[in-house]
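J.: Numbering (the numbering used here), first residue to last: 192 to 446.
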Amino acid sequence: MPSLSSLIDQAALSCAKARKAIALTGAGISVESGIPPFRGKGGLWAKIDPMKYAHIEALERNPADVWRVLFMGIADLLKTAEPNAGHMGLQRLERLGVLQTVITQNVDGLHQKAGSRDVIEFHGTHTTLRCMSCGQRASWQTVRLDVLPPPCACGGFLRPDVVMFGEPINVALLQRAQMLAATCEVMLVVGTSATVEPAAYLPVIAKHNGAFIIEINPEPTPLTDDISSVALLGPAGAMMDRIVQAVAGYKEGRL
Ligand code: NAD
Numbered sequence: 192m193p194s195l196s197s198l199i200d201q202a203a204l205s206c207a208k209a210r211k212a213i214a215l216t217g218a219g220i221s222v223e224s225g226i227p228p229f230r231g232k233g234g235l236w237a238k239i240d241p242m243k244y245a246h247i248e249a250l251e252r253n254p255a256d257v258w259r260v261l262f263m264g265i266a267d268l269l270k271t272a273e274p275n276a277g278h279m280g281l282q283r284l285e286r287l288g289v290l291q292t293v294i295t296q297n298v299d300g301l302h303q304k305a306g307s308r309d310v311i312e313f314h315g316t317h318t319t320l321r322c323m324s325c326g327q328r329a330s331w332q333t334v335r336l337d338v339l340p341p342p343c344a345c346g347g348f349l350r351p352d353v354v355m356f357g358e359p360i361n362v363a364l365l366q367r368a369q370m371l372a373a374t375c376e377v378m379l380v381v382g383t384s385a386t387v388e389p390a391a392y393l394p395v396i397a398k399h400n401g402a403f404i405i406e407i408n409p410e411p412t413p414l415t416d417d418i419s420s421v422a423l424l425g426p427a428g429a430m431m432d433r434i435v436q437a438v439a440g441y442k443e444g445r446l
């Protein structure tokens, strides 16, 4: 079994040589920023039933409850969350000319806060609001939250601009993500359980088109054995730090 150092070295060398690398991130990359994932240890779904609160039909049936339990809970977490070494590592790979795009399933805005410039928010964003009826967008700062769900001027109500279970992914974003997956040379897959489709299929597309897949996750996932070229079983922050350091070494000719 190869050592972690040699796996990191393989990962870094593939990044340093790649003309086009992209990343797919999930809730795990934000765990070190204090935002719990959905599944696994400390996951949100152990505390609340996703079908009761995270499905579009739940929002349509009972918007006040979904707002109170799910949306306000996430908003509280996001208020103080800052990017961690995992987000910063991807931003540094972009600055080193390695990483082109981050495709994230996260809705927390932390990649942009870290300075990543091309971020595809596959499941939308919790950082802005949108009217369920007229589609008008609004910012959290300008909306009063003493009445839930907050009303829109059109008579409808506002909700975070996220993709809930039962809602489609934006077609343009899906097509761009699939195209990037099909044409990248390296894909870093960081902190995702790889169980939510269609995001979970992006590494499969990349692999079938010849990409080198670097997976970072403390736990094995459905990708680990058959799809990942290198699986780094550890937390995003520490693993990204080591990869970036080694990539910088290769780029500067030190290694
Ligand atoms: P998930 O909850 O299904 O899986 C999280 C994964 O992260 C697990 O495989 C876990 O082992 C791994 N993980 C835990 N700690 C980690 C760490 N320190 N470093 C790296 N990995 C770690 O999340 P998912 O695969 O992204 O899919 C579920 C959905 O969750 C997504 O659609 C996303 O919209 C939503 N979500 C987003 C946030 C966020 O925006 N931060 C938070 C929770 C859930």
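The beta-carbon is built from N, C-alpha and C at its ideal position, and this holds for glycine as well. This one's a predicted model, so the numbers in the text were calculated from it and none came from an experiment.
On the CB-based measure, 16 or more other CB atoms within 10 Å of its CB, does H278 come out buried or exposed?
T.: Buried is the call here.
J.: Using the DSSP secondary-structure output, state which residues sit across from V381 in a beta bridge.
T.: V381 pairs with T216, I407.
J.: Residues in the same chain with beta-carbon distance under 6 angstroms from T318, minus the five sequence neighbours each way, listed in chain order, please.
T.: Hits under 6 angstroms: G300.
J.: Can you name, in chain order, every residue of its own chain whose Cβ lies under 7 angstroms from the Cβ of G315, other than the five neighbours on each side?
T.: V298, D352, V353, V354, listed in sequence order.
J.: Since V421 is in the beta strand (DSSP E), which residue starts that stretch and which ends it?
T.: Segment 421–423, the beta strand (DSSP E) holding V421.
J.: So the candidates are L349, L268, S419; which of them puts its Cα closest to the Cα of E447?
T.: It is not possible to answer for residue 447, since the shown part of the chain is limited to 192 through 446.
J.: For the segment 245–254 against the segment 355–373, are there 3 or more C-beta pairs whose distance is under 8 angstroms?
T.: Touching, yes, given that three or more Cβ pairs across the two stretches are closer than 8 angstroms.
J.: At the level of alpha carbons, what is the spacing between A329 and L320?
T.: Distance between the alpha carbons of A329 and L320: 5 angstroms.
J.: Does the Cβ-Cβ distance between L379 and A214 come in under 8 angstroms?
T.: A contact, by the Cβ cut-off of 8 angstroms.
J.: Is the segment 367–385 in contact with the segment 394–413, if contact means three or more CB pairs nearer than 8 angstroms?
T.: Judged by Cβ distances under 8 angstroms, the segment 367–385 makes contact with the segment 394–413, as three or more pairs qualify.
J.: Short of 7 angstroms in beta carbon distance, which residues of its chain neighbour S224, apart from the five on each side in sequence? Order them along the chain.
T.: Result list for S224: A272, E273, P274, N275, L301, in chain order.
J.: Count Cβ pairs between the segment 408–425 and the segment 234–242 that sit closer than 8 angstroms; are there 3 or more?
T.: Segments in contact, no.
J.: For I226, verify whether its CB is less than 7 angstroms away from any heavy atom of the ligand NAD.
T.: It does: the Cβ of I226 is within 7 angstroms (strictly closer) of some heavy atom of the ligand NAD.
J.: Could you check if R350 belongs to the surroundings of the ligand NAD, using beta carbon to heavy atom distance under 7 angstroms?
T.: R350: no, Cβ never under 7 angstroms from the ligand NAD.
J.: In whole angstroms, give me the CA-to-CA distance for I265 and R350.
T.: If you take the alpha carbons of I265 and R350, they lie about 12 angstroms apart.
J.: Going by C-alpha to C-alpha distance, which of S197, L204, S194, L195 sits closest to E376?
T.: The residue with the shortest Cα to Cα distance from E376 is L204.
J.: CB of R230 to nearest heavy atom of the ligand NAD: below 7 angstroms?
T.: Flag set: Cβ of R230 near the ligand NAD.
J.: Helix, strand or coil: which one does DSSP assign to H246?
T.: Strand.
J.: When you measure from the CB of P409 to every non-hydrogen atom of the ligand NAD, does any distance come out below 7 angstroms?
T.: Under cutoff, so the answer is yes.
J.: Assign L269 to one of two classes, buried (16 or more other C-beta atoms within 10 Å of its C-beta) or exposed (fewer than that).
T.: By the 10 Å Cβ count, L269 comes out buried.
J.: Whole angstroms are fine: how far does the CA of R308 sit from the CA of V293?
T.: Their Cα atoms are separated by approximately 9 angstroms.
J.: Using the C-alpha atoms, what's the distance from A305 back to A422?
T.: Their backbone Cα atoms lie some 24 angstroms apart in a straight line.
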